[in-house]
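Number of protein chains: 4
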Amino acid sequence: MKTVAFIGLGNMGGPMAANLLKAGFAVKVFDLVPAAIQILVEQGATASATAIEAAENVDFVVTMLPAGKHVKSLYLGNAEQKGLLDIVSKDTLLIDSSTIDAESAKLVAHAAAEKGIEFIDAPVSGGTAGAAAGTLTFICGASDSGFKKAQAVLNAMGANIFHAGAAGAGQVAKICNNMLLAVLMAGTSEALQLGRDHGLDPKVLSDIMKVSSGGNWTLDKYNPCPHVMENVPSSNDYQGGFMVDLMVKDLGLSQEAALLSNSSTPMGALARSLYVNHARQGNGRRDFSSIFDIFVKANKE
Amino acid sequence: MKTVAFIGLGNMGGPMAANLLKAGFAVKVFDLVPAAIQILVEQGATASATAIEAAENVDFVVTMLPAGKHVKSLYLGNAEQKGLLDIVSKDTLLIDSSTIDAESAKLVAHAAAEKGIEFIDAPVSGGTAGAAAGTLTFICGASDSGFKKAQAVLNAMGANIFHAGAAGAGQVAKICNNMLLAVLMAGTSEALQLGRDHGLDPKVLSDIMKVSSGGNWTLDKYNPCPHVMENVPSSNDYQGGFMVDLMVKDLGLSQEAALLSNSSTPMGALARSLYVNHARQGNGRRDFSSIFDIFVKANKE
Amino acid sequence: MKTVAFIGLGNMGGPMAANLLKAGFAVKVFDLVPAAIQILVEQGATASATAIEAAENVDFVVTMLPAGKHVKSLYLGNAEQKGLLDIVSKDTLLIDSSTIDAESAKLVAHAAAEKGIEFIDAPVSGGTAGAAAGTLTFICGASDSGFKKAQAVLNAMGANIFHAGAAGAGQVAKICNNMLLAVLMAGTSEALQLGRDHGLDPKVLSDIMKVSSGGNWTLDKYNPCPHVMENVPSSNDYQGGFMVDLMVKDLGLSQEAALLSNSSTPMGALARSLYVNHARQGNGRRDFSSIFDIFVKANKE
Amino acid sequence: MKTVAFIGLGNMGGPMAANLLKAGFAVKVFDLVPAAIQILVEQGATASATAIEAAENVDFVVTMLPAGKHVKSLYLGNAEQKGLLDIVSKDTLLIDSSTIDAESAKLVAHAAAEKGIEFIDAPVSGGTAGAAAGTLTFICGASDSGFKKAQAVLNAMGANIFHAGAAGAGQVAKICNNMLLAVLMAGTSEALQLGRDHGLDPKVLSDIMKVSSGGNWTLDKYNPCPHVMENVPSSNDYQGGFMVDLMVKDLGLSQEAALLSNSSTPMGALARSLYVNHARQGNGRRDFSSIFDIFVKANKE
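Residue numbers (my numbering), protein chains in the order written: chain W, 1 to 301; chain H, 1 to 301; chain X, 1 to 301; chain S, 1 to 301.
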């Protein structure tokens with residue numbers, strides 16, 4: 001039986017760790033919130049007092065953390081505190097599923113490589129529903145051997161496992177995809193509202209564009225106009241789903257990447273501005289398809 | 001045998017009229033360019049000396065013209081010249097497949113209705129290849145009865161026939177779709193180039209995004225990055241396909257519509273600016289996926 | 001004593017006509033709202049029952065109307081109704097101070113010229129305060145002789161009289177200026193808020209930028225951040241001044257012009273999108289510097 | 001006689017150090033390029049073998065370096081190498097005139113403060129001409145006492161000395177200003193070209209807007225349209241002035257700042273995209289007013 005240390009048991013990490021237990025892994029868990037640990041212990045996990053303790057003598061480490069600074073701090077440590085790289089064995093495969101900037105991912109991967117340890121970036125998409133159902137998509141930055149070795153663990157948590165390239169490539173591919181998603185969502189919203197403003201039924205317009213050259217994921221799975229599709233956030237007052245604040249975070253990562261490479265992403269940059277303004281008006285915790293609202297004529301005045 | 005008058009025999013209209021002949025219609029043709037008429041006559045059409053002459057005593061009229069002013073002038077006539085509405089019988093169904101502004105389409109439809117004649121807007125997508133193959137998409141603004149009556153003719157030229165709503169709705173749906181297409185193309189281009197700037201293989205990145213939430217028509221059918229897909233314009237130096245100048249025209253129609261309804265389309269407006277700048281640098285006759293080029297680092301200096 | 005017919009006595013036209021009276025012109029007035037006529041009559045004007053009646057036997061006609069369609073209808077007339085061009089003498093100088101699209105202005109100017117009458121476009125800036133104080137700016141599209149002849153009238157209402165070029169040029173210059181103004185306002189707002197978000201005092205930042213290369217009219221006269229300047233709308237809850245809805249109208253005219261000439265104005269197009277969204281959220285009647293609000297973090301949630 | 005160490009003797013730093021010599025300071029200089037040192041020695045400076053050597057026993061240190069990483073490395077040092085903070089006395093005032101990110105500036109200022117040393121950020125504007133003439137603008141982030149103490153040195157190199165706020169505020173104000181400048185330049189360019197596309201004389205249009213609500217620094221000092229003003233880069237094939245690559249750098253700093261504070265700067269972000277695309281087409285070394293070119297119709301095809 002293979003052993004996994006799982007660190008970071010939030011809305012995503014908790015169900016992911018649970019799926020590892022269901023798949024038969026022995027799982028040692030750690031989180032800063034004791035209650036989060038307790039939930040996993042009740043499902044068969046072993047509690048650890050620290051991340052370091054969890055990561056000792058395991059086959060795999062999986063981390064699910066909020067941002068690059070947490071990942072760097074945990075793996076690299078600092079003057080007062082050892083990092084995971086200081087204590088794991090060379091046989092342990094380190095898998096970070098956080099969505100962070102590619103530079104941080106590369107930095108940790110290189111530091112690991114210098115010690116003969118393999119660290120791969122494997123950010124996910126699919127949301128909390130996908131985490132619970134074990135149908136997440138993993139986009140990996142890894143060597144061929146690291147990618148192969150990670151399969152057993154990732155398959156227990158996800159349905160699609162992609163190999164984007166070497167260290168950091170998983171993060172780059174994830175943010176390229178999510179930047180494009182924001183563009184699709186904003187662009188589809190304004191097209192649907194333009195049609196509505198000219199008297200078209202958004203359901204009819206959606207049906208036409210979906211099978212035409214305007215076809216895209218948001219029309220297939222996540223229509224932003226209320227009551228065009230059922231069982232999506234737009235038909236539930238934009239509750240649930242993927243929060244505006246998280247899209248702002250991902251768009252921020254995309255712009256950080258564009259700055260580093262002196263790239264231009266005019267559509268993505270504009271989408272970020274629209275999403276930041278939307279968040280600043282108090283919509284940060286609504287679903288990201290609520291960007292549709294900025295195009296609709298409010299019934300004020 | 002039903003009779004069709006076909007007016008406007010350009011790159012699109014010519015092959016469309018030819019498909020009507022193949023489907024067994026008697027076709028009377030007119031174009032300002034005699035050579036264009038001659039090509040159709042050789043395929044079995046009857047030449048007409050004027051548009052008016054062509055439209056007399058036919059079951060259907062199909063027009064394929066450059067812009068709203070041509071459509072209005074042809075159907076409504078003016079002080080010196082009769083319009084089609086002055087001479088066709090009430091049994092003739094008028095089908096305009098030009099891509100024009102919705103206001104002009106509505107104006108002609110209403111003028112026709114006042115005389116008891118039915119005029120429907122039925123703009124197409126699918127390009128010259130679709131016109132030749134008879135696989136065009138028609139997006140119709142029409143009454144239910146008009147839409148039903150048009151089926152026989154439209155099926156002879158296209159594969160998908162949509163009913164978007166009442167008069168003008170076909171034009172609105174078409175430009176909403178094409179505006180969204182421009183957004184998809186620009187957004188996908190910048191996402192692919194951002195990935196490339198960070199060392200990713202655009203083929204791998206395309207494969208990942210295509211089945212993820214960034215999935216859209218351009219990744220499926222028309223990848224803008226050279227040599228990711230074969231048999232698309234990007235792999236043929238952006239020759240063929242749908243010209244930048246035509247996308248500029250359609251984006252112009254979308255912005256005209258947005259002005260009329262006081263709607264905002266920030267992504268579409270930005271896409272128009274990028275396409276206009278691209279056209280002004282001398283790229284008007286290249287395929288519209290060549291917008292990819294503006295994101296690439298030129299090997300100048 | 002020279003005679004002027006003044007047609008359109010709204011918030012701008014009323015005070016402008018009053019200034020003509022003060023300057024010693026005999027003024028015949030017409031408006032669709034009887035109360036507006038009455039106010040001018042009390043100041044010494046002569047009431048007319050129709051616009052046609054007002055314009056008979058005068059040296060000058062000045063019109064101040066909402067949009068191009070009103071200007072065209074008044075001057076050109078239609079099947080049922082004569083237009084001003086049908087009744088004024090060749091010695092009458094026609095001055096339209098409405099802000100309308102340049103095409104309509106040119107159309108009327110050319111129709112007038114065919115009858116040997118001179119029509120000039122002379123849109124204004126300076127707002128209701130400038131109209132009352134007689135300090136408006138007029139931007140004229142006119143022949144040299146027409147421009148010269150208009151001086152007497154325009155000087156009675158304004159402080160700066162510019163000659164932008166031939167017929168229509170006044171309208172073009174006006175909308176270029178107002179589009180740029182919207183860009184300055186939005187750009188200055190976001191720069192000030194970025195500074196605030198990093199702890200800077202907006203007053204200090206304004207003082208620095210005002211004398212540096214970021215210097216522009218909004219920092220000099222119309223700071224959008226509350227309480228940086230007194231006596232501007234931003235320090236009065238964005239009441240008074242130039243309404244968002246009017247800026248949306250002018251930005252619409254600029255985009256209409258850009259469509260006609262196949263020009264790209266990415267900054268102006270983006271400013272229009274931001275202003276339309278702002279208007280749609282219920283801010284149409286607030287001052288246009290309230291665009292600052294979209295960048296500020298709301299105290300909701 | 002007060003002593004200054006000047007580190008970084010490039011196009012800006014060289015003439016700045018020369019002005020300190022002219023003002024009577026004893027100047028110790030260091031640069032990685034020996035020839036740059038030699039030029040200053042010929043004007044009376046003392047050569048130093050290292051930056052550390054230059055900074056020993058001086059009243060002031062002035063640094064002029066390319067980016068935040070160089071500033072951090074020089075002042076903070078690293079495992080192998082001491083930093084300036086390790087060797088300067090508490091009486092030495094450290095002045096960094098580089099344009100860098102505010103976070104780096106704050107980091108060094110705080111590290112200095114912990115040792116009882118004062119470090120102020122004092123980025124400049126005014127270009128190489130201003131550096132030579134001693135008419136630079138300095139925008140300072142400093143305590144009141146530090147700002148006061150720096151006057152003697154800054155006055156020897158500049159004409160306007162601003163106090164933007166505490167540590168880092170100089171950098172923030174500088175990038176807010178330069179972001180706004182890019183917006184002014186792009187917005188003015190597109191407004192002028194829109195006018196030209198409608199037949200207006202850009203000189204006349206510039207004269208009108210300059211004294212109207214579109215008035216801004218670029219119309220006063222730096223018109224981007226060729227031959228409207230003489231003695232500006234646009235009338236000299238966009239040679240000289242402030243390079244596109246430097247504007248791209250400053251716009252990058254503004255976007256980095258916007259990411260840190262979760263601010264939205266839609267106009268600045270769009271300006272950055274336009275400038276990056278322009279640089280990528282091979283215009284990086286032309287003056288930044290050459291952005292005008294992207295709006296002009298090329299005489300290709």
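Cβ coordinates follow ideal geometry from the N, Cα and C atoms, glycine included.
- If only uninterrupted beta strand (DSSP E) runs of at least 3 residues are considered, those enclosed by the segment 5-80 of chain H are 26-30 and 60-63.
- Around the beta carbon of M1 of chain X, a 10 Å sphere encloses fewer than 16 other beta carbons of the protein chains shown; the residue is thus reported as exposed.
- As far as DSSP is concerned, E190 of chain S takes part in no beta bridge.
- DSSP places M243 of chain W within a strand segment (E or B) once states are collapsed to three.
- Spatial neighbours of S48 of chain X in its own chain (CB-CB distance under 6 angstroms, excluding positions within 5 residues in sequence) are listed in chain order as K28, F30 and A54.
- What T137 of chain H touches in chain W, judged by beta-carbon distance under 7 angstroms, is S212, going in chain order.
- Taking the C-beta atoms as reference points, L84 of chain W is found no nearer than 7 angstroms to K149 of chain W.
- Residues of the same chain with a CB within less than 6 angstroms of the CB of V124 of chain S, apart from the 5 flanking positions on each side, are S97, L136 and F138 in chain order.
- Checking the DSSP bridge columns, you'll see L93 of chain X partnered with X:F60 and X:E118.
- For D287 of chain H, the secondary structure class from DSSP, reduced to helix, strand or coil, is strand.
- Residue burial annotation: T50 of chain H is exposed, with fewer than 16 other C-beta atoms found within 10 angstroms of its C-beta.
- The beta-carbon separation of F25 of chain H and S189 of chain H, rounded to 42 angstroms, does not stay under the 8 angstroms limit for a contact.
- Around the CB of Q171 of chain H, 16 or more other CB atoms lie within 10 Å, so the residue is classed as buried.
- Secondary structure of L136 of chain S (DSSP, three-state): strand.
- The DSSP assignment places 244-260 as complete runs of the alpha helix (DSSP H) inside the segment 223-276 of chain W, in order along the chain (cut-off: 4 residues).
- The C-alpha of N57 of chain S is placed about 47 angstroms away from the C-alpha of G116 of chain W.
- Your pair A102 of chain X and G168 of chain X checks out as a contact, with CB atoms roughly 4 angstroms apart and the cut at 8 angstroms.
- Chain X places a beta carbon closer than 7 angstroms to that of D197 of chain S, counting this residue as a contact.
- G146 of chain X: member of the alpha helix (DSSP H) spanning D144 to N155, first to last residue.
- A direct Cα-to-Cα measurement between K174 of chain S and T99 of chain S gives close to 8 angstroms.
- Contact with chain S is found for Q255 of chain W, since one of that chain's Cβ atoms lies less than 7 angstroms from the residue's Cβ.
- A Cβ of chain H is located within less than 7 angstroms of the beta carbon of G282 of chain S.
- For F162 of chain H, a Cβ of chain W is located within less than 7 angstroms of the residue's own Cβ.
- In the DSSP assignment, I87 of chain W falls within the unbroken alpha helix (DSSP H) covering L84 to I87.
- Taking 7 angstroms as the CB threshold, A122 of chain X stays off the interface with chain S.
- When 9 angstroms is used as the limit between beta carbons, G158 of chain X is near no residue of chain S, the shortest such separation being about 12 angstroms.
- Contact between A166 of chain H and S143 of chain H holds: their C-beta atoms lie close to 7 angstroms from each other, under 8 angstroms.
- Under DSSP, I161 of chain W forms a beta bridge with W:F138.
- Residue pairing by DSSP places T3 of chain X opposite X:A26 in a beta bridge.
- In this structure, DSSP gives V204 of chain W a helical state, which the three-state scheme calls helix.
- In the three-state scheme derived from DSSP, where H, G and I count as helix and E and B as strand, S104 of chain H is classed as helix.
- When CB distances to chain X are screened at a threshold of 7 angstroms, the residues of the segment 165-196 of chain S falling below it are G165, A169, V172, A173, C176, N177, M179, L180, L181, V183, L184, A186, G187, T188, E190, A191, Q193, L194 and G195, in chain order.
- The Cβ-Cβ distance between L270 of chain X and L74 of chain S does not fall below 7 angstroms.
- Against K297 of chain W, the close residues of chain X are R280, in the order they occur along the chain (beta-carbon pairs closer than 8 angstroms).
- Beta-bridge partners of V124 of chain W (DSSP): W:F138.
- In the pairwise beta carbon analysis, the segment 261-280 of chain H is classified as not touching the segment 153-163 of chain H: fewer than three pairs are separated by under 8 angstroms.
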